[in-house]
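These notes are about the structure you will find just below.
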Amino acid sequence: MKRMTRVGLITSGGDCQGLNAAIRGVGKALFQRLGKNVEIFGMYDGYRGLIDGDYKYMESSDFSGILTQGGTILGTSRQRYIPGKDIVDKDGNSLMPAMLDTYNRLNLDCLVIMGGNGTQKSAKLISDYGMNVVTLPKTIDNDIWGTDTTFGFQSAVDIATNVIDYIHSTASSHSRVFVVELMGRDAGWLTLNAGIASGADAILIPEIPYDIEKVADMIRARKEEGRGFSIVACAEGAVSIHDKILTEEESRRKRENNRFPAVSYAIADELQKLTGVETRVTVPGHYQRGGPPCPYDRVLATQFGTAAADLIVNKQYNRMVAIQDNRIISIPLEDAASKTKFLPKDHSMIQVARDIGICMGD
Ligand code: F6P
Numbered sequence: 043m044k045r046m047t048r049v050g051l052i053t054s055g056g057d058c059q060g061l062n063a064a065i066r067g068v069g070k071a072l073f074q075r076l077g078k079n080v081e082i083f084g085m086y087d088g089y090r091g092l093i094d095g096d097y098k099y100m101e102s103s104d105f106s107g108i109l110t111q112g113g114t115i116l117g118t119s120r121q122r123y124i125p126g127k128d129i130v131d132k133d134g135n136s137l138m139p140a141m142l143d144t145y146n147r148l149n150l151d152c153l154v155i156m157g158g159n160g161t162q163k164s165a166k167l168i169s170d171y172g173m174n175v176v177t178l179p180k181t182i183d184n185d186i187w188g189t190d191t192t193f194g195f196q197s198a199v200d201i202a203t204n205v206i207d208y209i210h211s212t213a214s215s216h217s218r219v220f221v222v223e224l225m226g227r228d229a230g231w232l233t234l235n236a237g238i239a240s241g242a243d244a245i246l247i248p249e250i251p252y253d254i255e256k257v258a259d260m261i262r263a264r265k266e267e268g269r270g271f272s273i274v275a276c277a278e279g280a281v282s283i284h285d286k287i288l289t290e291e292e293s294r295r296k297r298e299n300n301r302f303p304a305v306s307y308a309i310a311d312e313l314q315k316l317t318g319v320e321t322r323v324t325v326p327g328h329y330q331r332g333g334p335p336c337p338y339d340r341v342l343a344t345q346f347g348t349a350a351a352d353l354i355v356n357k358q359y360n361r362m363v364a365i366q367d368n369r370i371i372s373i374p375l376e377d378a379a380s381k382t383k384f385l386p387k388d389h390s391m392i393q394v395a396r397d398i399g400i401c402m403g404d
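Residue numbering for the sequence shown follows the working numbering, starting at 43 and increasing by one per position.
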């Protein structure tokens, strides 16, 4: 008799479009390959389900009808972890024993963990603790090392582009400056792509500290040429040249005394003072992570899901599925977990933006 393969599914960290498509890809491909010799358990709310033993036994019908749904049918949460060391509760106690207990009680062969940067790092800790894992890279930030693209990213680019498209007409009617703040604390992939796609006049990303005078110069130059409105796409992690050189203590004090709720408001305030042009802010926020995945993400998440099933069937654990040069591959989890994929300052897309006259703030 063939041995049963038992798999736990986890969606962890911030949600994004394509999670259900990936869950579906893993489940359908496992049932296709292993038939009755596979059992799949969906953990509720990310690692919480594994910690608390809160899971659902998934039938093959659970993987149908979810391809286009946003969010995750399993729920998700963020878990505290100490980089390189442990996953802990609010009092700092290790949660690894509880996770291993559920893993052993269910007699699992492997966990499929779908997550962003933080999740790749915590998944590595879980694998170091003795549980087999296969991970899938998901995030609207596209900042996971070792993969050209993550699912969720393209859907968020579509939404962010659409937001700026809509802002264009009202900005132009009122001859106003609009600062549109897009998600991305550490990396500017989303802002750069949506900014180029929507014809933004300035794109401010965490990797290139901005000089507000340069942005104001661009707005004044456009005004002189007869275009009274300008669109500034800024990442939530955009930082000025002045703030970039602050010490940690100085940054902390600045944050405490900051009268603005987000960087876009500070930028808008300064630009209005410097240019005299009425300036408004738009922050689409979590809207960028919501709704159905775009077709590209549906396909990518399905490809990633089936590749994860292949790894499990072949007992190739502790790897992250990735796409490089349009080929679906897998890489050692430790590589993916060790770095963040920032936007290189000399990336060809940044050059494209500069080539068409977009102000990058420097
Ligand atoms: O990592 C995805 C992301 O959407 C970031 O772009 C953003 O900074 C962060 O998550 C927001 O996190 P939360 O959902 O916890 O507010």
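Think of the CB as a built atom: it goes at the ideal place given N, C-alpha and C, for glycine as much as any other residue.
- DSSP places Glu249 outside any alpha helix (DSSP H), giving it a letter other than H or E.
- Remark: C-beta atoms of Phe220 and Leu342 do not approach each other more closely than 9 angstroms.
- Judged by beta-carbon spacing, Ala308 lies beyond the 9 angstroms limit of Ile273, meaning their Cβ atoms are not closer than that value.
- Look at Phe384 here: in three-state DSSP terms it is coil, with no helix or strand label.
- The Cβ atoms of Arg147 and Gly95 sit closer than 9 angstroms to each other.
- Per DSSP, Ala63 has no beta bridge partner at all.
- One thing to note: Cys152 has its Cβ no nearer than 9 angstroms to the Cβ of Val222.
- Inclusion of Asn360 and Val80 in the CB contact set at 9 angstroms is not warranted, their separation being larger than that value.
- In terms of Cα proximity to Cys401, the closest of Ala263, Thr289, Pro334 is Ala263.
- With distances taken between CA atoms, Ala64 lies nearest to Ser106 out of Lys78, Tyr89, Ala378, Ser106.
- Remark: C-beta atoms of Val363 and Thr114 do not approach each other more closely than 9 angstroms.
- Taking C-beta atoms under 8 angstroms as the contact rule, Leu313 and Ile254 qualify, at a distance of about 7 angstroms.
- Bounds of any alpha helix (DSSP H) do not take in Leu51; it lies within the beta strand (DSSP E) bounded by 47-53.
- Relative to the non-hydrogen atoms of the ligand F6P, the Cβ of Ile182 comes within a distance shorter than 8 angstroms of at least one.
- Per DSSP, the unbroken beta strand (DSSP E) holding Gln366 starts and ends at 361-366.
- Counting only runs of 3 or more residues that sit fully inside the stretch 214-238, the beta strand (DSSP E) segments are 219-224, in chain order.
- A direct Cα-Cα distance of roughly 14 angstroms separates Gln196 from Asp57.
- Close CB contacts of Ala280 within its chain, under the 7 angstroms cut and outside five residues either way in sequence, are with Leu246, Ile247, Pro248, Tyr252, Val305 (chain order).
- Restricting attention to Arg66, Arg297, Ser217, Ala165, the CA atom closest to the CA of Gln111 is found in Arg66.
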